[in-house]
Amino acid sequence: MSENISVLGLGLMGAALAKSLLAAGHHVTVWNRSPEKAAPLVAQGAQSAATPAEAVQASPLVIACVLDYPAVEEVLAEAPLAGRVIANLTTGRPAEAREMAAWVAGRGGDYLDGGVMAVPQMIATPGALILYSGSQQAYDRYEQALSAMARPRYVGDDPGLAPLLDLAMLTGMYGQIAGFLEAMTLVRSVKYPLPEFTSELLVPWLNAMAAAQPRWAAAIEVGDHRTEVSNLEVNRAGMENLVRAFEEQGVTLELLLPIKTLIDRRVARGLGHEGLSGLAEEL
Ligand code: NAP
C-alpha cells in the first residue's frame, strides 16, 4: 500500500531512508535544514517542504533522522504533531527516547523510536535492520511501509528499548573489536600476514565461539553458571599464559586486562568451577 510519508533530515542516513521509501512507491515529502540536499530526492519524485511544519502537515507518518535528539526537538518545535506518528530514527540514549515520547504525546502525537543497525549504503538491502520501540499501534499500522527501509523489528512499548538494544549491540561490537585489535598486535609481532590470519583463522573461530553465546545468555538470565567445559580456573591459567606470551613478544594486552581482573576476582571468591558466564555477576 502506498503511504504519505515525510522525512525530516537528509544527511547521509536520512537521504538513504527517503530514497528507499520513494523506490518502494510511497509519496514522500522531504525537508532538510540545508535545503539543497532535497534536490536529488525531488529529482526522484519527492515533494520538497519549505518548513518542518509543512512536511509534518503533508503526511501522517513522519520520519526524523537528524544529528541528535536536541536537533529533533528543535526541528519539531513549531510543527503540529496531533494525529501524527513520529518515527525518530536519530541515534540517542534510552532516557532521551522516553523524554521524546512524552514530549510528542503531550502534543497529541504517537511515537516510535528507532535504532538503525546499518550504514546508509545498506539501507533497503537484506542485511539492514531497524529496531523499533514505543507505540505498538503505530508500529502495527506502518510496519509494511517501514519495511521498505530495512527489516523492521518491534521490541516493546518502552520507547527506550530500541536505543538500549542498539547500544547493547554496539557494545558487543566494540568488545569484539578490542579482541581483534589485540590479536592483530600479537600476530604482527611475528610478521605473519594479518589479512590471511584474519579471514582464514580468526573470523571462523569467532563465529564458532559466538554460537555458544545464546547458551551463556540463558545461563546469565537464570544465574546458573555451572559448566562442563572450560571453567574459570582453566581460563585464569589461560589468561596468565596470554599475558606472559604478549610480554615475551614485546607487546601489551591492555584491552583485555579488565577481563583478566574479573576472572581473578571470581576465582578468588572460590567460584573457579563456574563457566565464563559467571563473570556477568561481577559487573
Ligand atoms: P549526517 O550526514 O551528518 O547528517 C546530519 C543531519 O542532521 C543533516 O540532515 C543535518 O542538516 C541535520 N542536522 C544537524 N543538526 C541539526 C539541527 N540543529 N537542526 C536541523 N537539522 C540538523 O549524519 P547521518 O549519517 O545522516 O546521521 C543521522 C542520524 O542517523 C544520526 O543520529 C546517526 O547517529 C544515525 N545513524 C547514522 C548511521 C550512519 O552510518 N551514517 C548509522 C546508524 C545511525 P544539514 O544538512 O543542514 O547539516
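Per this note's numbering, residue 2 is the first one in the sequence shown, and the count goes up by one each step.
We put the beta carbon where it would ideally sit given N, CA and C, even for glycine.
Q) Cα-Cα, which of Asp159, Pro121, Glu55, Ala146 is closest to Arg99? A) Asp159
Item checked: Every unbroken alpha helix (DSSP H) within the region 193-252, with a cutoff of 4 residues, ordered by chain -> 204-211, 214-223, 233-249
Exercise. Keeping to the same chain, check which residues put their C-beta closer than 8 Å to that of Ile260; ignore five residues upstream and five downstream.
Key: Met240, Leu280
- Query: Near Ala129, which residues of its chain fall below 6 Å by C-beta distance, leaving aside the five closest residues on each side in sequence?
  - Reply: Ala119, Met123, Ala151
Along the chain, where does the alpha helix (DSSP H) that runs through Ala139 open and close? 137-147
**Request:** Tell me whether Ala80 sits in a helix, a strand or coil according to DSSP, three-state version.
**Result:** coil
Worksheet item: Any chance the region 216-224 sits against the region 271-280, with 3 or more Cβ pairs inside 8 Å?
Response: yes
Q.
So, at 7 Å on beta carbons, what are the nonlocal neighbours of Leu263 in its own chain, with the 5 sequence-adjacent residues on each side left out?
A. Leu280, Glu283
Just grab the DSSP bridge partners of Ile260 for me.
According to DSSP, Ile260 bridges with nothing at all.
Beta-carbon within less than 6 Å of Ala179's beta-carbon, same chain only, minus the 5 sequence neighbours each way: which residues are those? Leu256
Query raised in the report: Where DSSP assigns a beta bridge to Pro153, which residues make up the other side?
Result: Ile131
### Query
Three or more C-beta pairs closer than 8 Å, one from the region 9-27 and one from the region 51-64: is that the case here?
yes
| query | Do Ala163 and Ala133 come within 8 Å of each other at the CB atom, strictly closer than that value? | reply | Here the sequence assigns Tyr to residue 133, which means Ala is not the residue at that position. Yes, the pair counts as a contact, with Cβ atoms nearer than the cut-off.
- Query: Applying the criterion that 16 or more other CB atoms from any shown protein chain within 10 Å of the CB defines a buried residue, is Lys20 buried or exposed?
  - Reply: buried
Helix or strand or just coil, what does DSSP make of Val188?
helix
Which full runs of the beta strand (DSSP E) of 3+ residues lie inside the region 35-73, going along the chain?
62-65
For the beta strand (DSSP E) holding Ala88, just list the boundary residues, first then last.
86-89
- prompt: Measuring from the CB of Arg152, is there a heavy atom of the ligand NAP at a distance below 7 Å?
  reply: no
At least three beta-carbon pairs within less than 8 Å, the region 68-86 to the region 44-56 = yes
Note to self: When you compare the CB positions of Met14 and Pro121, do they come within less than 8 Å of one another, or not?
What the structure shows: yes
| request: State yes or no: is the C-beta of Thr126 nearer than 7 Å to some heavy atom of the ligand NAP? | output: no
May I ask you to report which of helix, strand or coil DSSP gives Leu9? strand
How far does the alpha helix (DSSP H) with Met101 in it reach, from first residue to last? 95-107
Review point. What are the start and end residues of the beta strand (DSSP E) that includes Thr92?
Key: Unbroken run through Thr92: none, as it is neither H nor E.
inquiry  = Here's the rule I'm using: 16 or more other beta-carbon atoms within 10 Å means buried, otherwise exposed. How should Arg270 be labelled?
reply    = exposed
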